[in-house]
Amino acid sequence: FVLTPGNPRWENTNLTYRIENYTPDLSRAAVDQAIEKAFQLWRNVTPLTFTKVSEGQADIMISFVRGDHRDNYPFDGPGGTLAHAFQPGAGIGGDAHFDDDERWTTDFQNYNLYRVAAHEFGHSLGLSHSTDIGALMYPSYIFSGDVQLSQDDIDGIQAIYGPSQNPIQPTGPQTPEVCDSKLTFDAITTIRGEMMFFKDRFYMRTNPFYPEVELNFISVFWPHLPNGLHAAYEVADRDEVRFFKGNKYWAVKGQDVLYGYPRDIYRSFGFPRTVKSIDAAVSEEDTGKTYFFVANKCWRYDEYKQSMDAGYPKMIAEEFPGIGDKVDAVFQKGGFFYFFRGTRQYKFDPKTKRILTLLKANSWFNC
Amino acid sequence: SHGFPAATSETQEQDVETVQKYLENYYNLNSNGKKVERQRNGGLITEKLKQMQKFFGLRVTGKPDAETLNVMKQPRCGVPDVAQ
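Residue numbers (this note's numbering), protein chains in the order written: chain H, 1 to 367; chain Z, 1 to 84.
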């Protein structure tokens, strides 16, 4: 996080705000609610309070304007700059302006007012932009379905105003660090020749063009996928990737979620109802056999016959000796299986049923 | 983020406008309207580009490569990323 140079802050922590005008894109009630919720996020983690006033000069004046609105920072029409806000202080200090050449929404469509307002009010309170892509105070607009302060945002605002009086200090999600030696994964899959690693709300992606690991929100590609996925695998000859969470799964082709999903794993794959979720999954391209890992057992599904193979489930220890009795994630590359358990990774040869190498979980990130 | 597969890292120079505006708006590039390629002090542009690439965790090349332009085209907050 970054505090605004000069560390401007409100000495009076009981602040007022006023919505001077309303966008035609939403009802007044929807705007009121989005603004109120945005202040609520910051109130929950600080001693600050925010009271809405309907007339006169408030600490934080909120308005919808377009183009040059005489504050020396003209807006630029649709897209580009969405809004801006001024650091704490008298007069224009603390005020937030929203570009009314944008379309303001209360859902996934661009641009979600609650999400943008929560960011702008961070500026109104004294925060600058954060370099943490998972933080609300990151400069670029990313809407991942829910609006919450990350731990980075909380640390930043509490550096200015101290903690809330809440007996239980609220915490926020942390953004994965690709070179953190303690990094573990929820799910991993290949996708059109690349690899995607999933953790909480984020994916990490390696591809031949960029040595850097790309880290971003899963919602950037698949807005309606849930966070905290359990398993994922690619059926390459169908150009399809399947994502699992609980007893549901989604199928995507590139960035398009296929119609009619989520479906349940019982009807589609024939799992018994005792199976509540899948830990990991991988499909062998040359045999069309997909292995599902659930607790200490594994099932084998035939993608061509579209049915489970007889004789399963088997113990993981029997089918894949040496990798332990539980799998977090697995993918296949170059004919080998790469099994992940905690911070460990096993390169496994399914033909000889032997572990070839023991690696760190984040060995693919060139740390 | 790039689609699947990721775009190649070849740079399309025609986005000079995007670079100019972005650096003026968010990285205090004062160029009073002169075009980037005619900037006498191309070094200033390179420095500002490196500053932006470092902020966003991109490869710090000082060149408007594809992933840098990709970030510059994303809608965002109007507050600069560096102190005025």
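We put the beta carbon where it would ideally sit given N, CA and C, even for glycine. The structure displayed is predicted, hence computed values, not measured ones.
Look at H/Ala85 here: in three-state DSSP terms it is strand. In this chain, the beta strand (DSSP E) harbouring H/Asp99 covers Ala96 to Asp99. In this structure, Z/Ile45 sits near Z/Leu23, with a CB-CB distance shorter than 8 Å. For H/Ile160 against H/Leu3, the beta-carbon gap comes to about 6 Å, under 8 Å, which counts as contact. For Z/Arg76 and H/Glu102, the gap between their C-alpha atoms comes out near 12 Å. What H/Leu136 touches in chain Z, judged by beta-carbon distance under 8 Å, is nothing: the nearest beta carbon there is about 10 Å away. Looking at the DSSP output, H/Ala232 sits in a beta bridge with H/Phe243.
Sequence-distant partners of H/His129 (beyond 5 residues in either direction) whose C-beta falls short of 8 Å from its own C-beta, in its chain, are Val2, Met137, Tyr138 and Pro139. For H/Gln148, the secondary structure class from DSSP, reduced to helix, strand or coil, is coil. For the region 46 to 69 of chain Z, residues whose beta-carbon sits nearer than 8 Å to a beta-carbon of chain H comprise Phe55, Phe56, Gly57, Leu58, Arg59 and Glu67.
At least one C-beta of chain Z is nearer than 8 Å to the C-beta of H/Leu82. In the structure shown, Z/Leu69 falls within a helical segment according to DSSP collapsed to helix, strand and coil. When Cβ-Cβ separations below 8 Å define contact, H/Tyr73 makes contact with chain Z.
Residue burial annotation: H/Pro88 is buried, with at least 16 other C-beta atoms found within 10 angstroms of its C-beta. Listed in chain order, the non-local C-beta contacts of H/Gly270 below 7 Å within the same chain comprise Ser307 and Met308, local neighbours out to five positions each way being set aside.
If you look at H/Tyr346, you'll find it in the beta strand (DSSP E) that goes Arg344 to Asp349.
Counting along the chain, H/Trp250 sits inside no alpha helix (DSSP H); it lies in the beta strand (DSSP E) bounded by residues Lys248 to Lys253.
Taking a Cβ-Cβ threshold of 8 Å, the residues of chain H close to Z/Val71 are Ser140, in chain order. Note that the C-beta distance between H/Ser124 and H/Gly91 is not below 8 Å.
Exclusion of the five residues before and after H/Ala236 leaves Glu285 as the residues of its chain whose Cβ lies within less than 6 Å of its Cβ. Taking a Cβ-Cβ threshold of 7 Å, the residues of chain Z close to H/Ala85 are Val79, in chain order.
H/Gly80 counts as buried, since at least 16 other C-beta atoms from the protein chains shown sit within 10 angstroms of its C-beta. If you look at H/Trp299, you'll find it in the beta strand (DSSP E) that goes Lys297 to Asp302. Taking 9 Å as the Cβ-Cβ cut-off, the region 101 to 120 of chain H approaches chain Z at Glu102, Asn110, Tyr111, Val116, His119 and Glu120, given in chain order.
Residue range Arg354 to Lys360 is occupied by the beta strand (DSSP E) that includes H/Leu359. Contact note: Z/Gln20 does not reach chain H at a C-beta cutoff of 8 Å; the least C-beta distance is about 13 Å. For H/Met204, the number of other beta carbons within 10 angstroms of its own is at least 16, and it is reported as buried.
Chain Z has a Cβ within less than 8 Å of the Cβ of H/Ile191.
Counting C-beta pairs with one atom in each stretch, the region 291 to 310 of chain H and the region 271 to 278 of chain H have three or more that are closer than 8 Å, which means they touch.
Counting along the chain, Z/Thr18 sits inside no beta strand (DSSP E); it lies in the alpha helix (DSSP H) bounded by residues Val16 to Tyr26. Beta-bridge pairing by DSSP links H/Glu284 to H/Lys289.
Of the residues H/Ala310, H/His224 and H/Lys326, the one whose Cα lies closest to the Cα of H/Gln255 is H/His224. Contact annotation: the region 150 to 166 of chain H does not touch the region 315 to 333 of chain H, with fewer than three C-beta pairs closer than 8 Å. Exclusion of the five residues before and after H/Val116 leaves Leu82 and Ala83 as the residues of its chain whose Cβ lies within less than 6 Å of its Cβ. Looking only at H/Asp25, H/Asn14, H/Glu177 and H/Arg192, the smallest Cα-Cα distance to H/Tyr111 is reached by H/Asp25. Between H/Ser54 and H/Arg18, the gap from beta carbon to beta carbon is short of 8 Å.
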